[in-house]
Amino acid sequence: MSQRNERSRRPDLAHWLIHQAAHRAPDPLSLRLEEEWFADLESRSATFSRLGFALGCCWATLVIVNDFPRSRVPVPSPVAPANGIVTLVERNFGYFSLRSATLFLIAGLHAALFFGLITTLSHTRSPAAPPNLQNREVTPPPRERVAFSLDASELNHWRITVPKTVVDPPVQPAIASDVIADVADKPAEVVSPPPPRETPTHVVRQLAGGPGAGFPETANFYPSPSIHLGEEGISTVRVCVDRLGRLTSEPTTVKGSGSARLDQAALKLARAGSGHYRASTEDGQPVNSCYAFGVRFQLRK
Amino acid sequence: MGKKETRVRMSLQTLRVLEAFLENPTEQLAGAEVHQRCGIASGTLYPILLRLESAGWFVSQWESVDPSSVGRPRRRLYRLTSTGLRHAGEVFASFNRGVLA
């Protein structure tokens, strides 16, 4: 008992917290709550328990201030006269300002986070890839290795002659009245890696083929249901073509457009174009090859 | 001040406080004793006690002891009123019927 009395006489952090909490309660309840909480605090001996109780009283004050405006205070304390409206207004304003400050702090943190994300993304954004590289897959034909047998004396006079490659520009199909259709067709040049040291240097210039002159127009193969439904997309088709530009096997879809109807139309277009393909060339000579090209179905805006 | 509002927002914690008082409706309990029986933290307990007192379900008074003789501050004791007893009984009856008023 003497120890408890000693504690009750010696203020600690819990006492200070309860005093501060009760001081912020509505005036008629302030002194009552302080005395009540001090009395209930004495039933606790552990330090953490006392601190937890005091912190709970601080929270209780916030709830009580919110729940009990001045006109609804249940039982006025006989020893706590009202100090007037000014005090209540100041305390309510203090509580309001606490909530407002919290809201402003949260809003500020969100704004700073948003600004940081925007700033960071603007610095790390990579340039967009060219559109004609997105729908094109070129499979180079197997390269034939040529074995040379030259004497060492001939190497000093050996000269590489590479025939100049003349590339015909791709033929763009005419734009239909209701659709815009084109074939992604930009020939890619593939330069073979340098041969081993033992063989003489020879650069084989390869040129991938593609739809050539007389190739059917995409607009003629645009499915009517797709036009009505507004379906658009790019279907990548792989074809195998001989030296004369004729199909040597059934074309296949490498990458769909998202619409099975458009993919089937692209295959139909690829079949119809047999004989009108440009064969791939090596050193200017047409060779059998397989390659892929994109068929774009796009409606006029 | 007009007619006292007797409606109380019921929560699980409020029900537990009422249950502690309904064990012996004539008994007076301090906040610390209610905490020991219900295990409700002080931040929740005292607003509930004040709400129930404001609604007329509880009355409170100071403990009639001399602090110097008992060696501790006097406590605030709460007791169920007849109104509170009736309303609490109705609440638990509704609760048992599956309808929480």
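Going line by line, the protein sequences match chains U and X.
Residues 1047 to 1347 (our numbering) are what the first sequence spells out, left to right.
Residues 7 to 107 (our numbering) are what the second sequence spells out, left to right.
All residues carry an ideal CB built from backbone N, CA and C; glycine is no exception.
query                                                                                                                               : result
Any 3 or more C-beta pairs closer than 8 Å across the segment 1073 to 1080 of chain U and the segment 16 to 23 of chain X           : no
Short CB-CB distance (under 7 Å) between valine 1109 of chain U and chain X                                                         : yes
Arginine 80 of chain X vs tryptophan 68 of chain X beta-carbon contact at 7 Å                                                       : yes
Sub-7 Å separation of threonine 1299 of chain U and glycine 1340 of chain U beta-carbons                                            : no
contact_flag[the segment 22 to 40 of chain X, the segment 1320 to 1335 of chain U] where n(CB pairs < 8 Å) is 3 or more             : no
DSSP three-state assignment for leucine 1134 of chain U, whether helix, strand or coil                                              : Low confidence applies to leucine 1134 of chain U: its pLDDT is 39, below 50, so where it sits in the model is not reliable enough to give any reading.
Within 7 Å, strictly: CB atoms of alanine 1325 of chain U and glycine 1291 of chain U                                               : yes
The segment 1328 to 1347 of chain U in contact with the segment 23 to 38 of chain X per 3-pair CB rule at 8 Å                       : no
Nearest-angstrom Cα separation, counted from threonine 1107 of chain U out to serine 1146 of chain U                                : 18 Å
The segment 1093 to 1107 of chain U touching the segment 1056 to 1063 of chain U, judged by at least three CB pairs closer than 8 Å : yes
Contact with chain U by arginine 43 of chain X, beta-carbon distance below 7 Å                                                      : no
Alpha-carbon to alpha-carbon, arginine 1346 of chain U and aspartate 1272 of chain U                                                : Aspartate is not the amino acid found at residue 1272 of chain U; the sequence shown has serine there. Going by the C-alpha atoms only, they are around 13 Å apart.
Below-7 Å beta-carbon distance, tryptophan 1105 of chain U vs any chain X residue                                                   : yes
Closer than 7 Å at the beta carbon, the chain X residues around serine 1089 of chain U                                              : Ala38
Reduced DSSP secondary structure (H/G/I, E/B, other) of phenylalanine 64 of chain X                                                 : strand
Integer Cβ distance of leucine 1308 of chain U from glutamate 1263 of chain U, believed to fall under 8 Å                           : With a Cβ gap of about 15 Å, leucine 1308 of chain U and glutamate 1263 of chain U do not count as contacting.
Among U:Val1249, U:Ala1316 and U:Gly1304, nearest to proline 1257 of chain U - alpha-carbon criterion                               : U:Ala1316
Contact list for arginine 80 of chain X against chain U, beta-carbon separation under 8 Å                                           : Glu1081 and Ala1085
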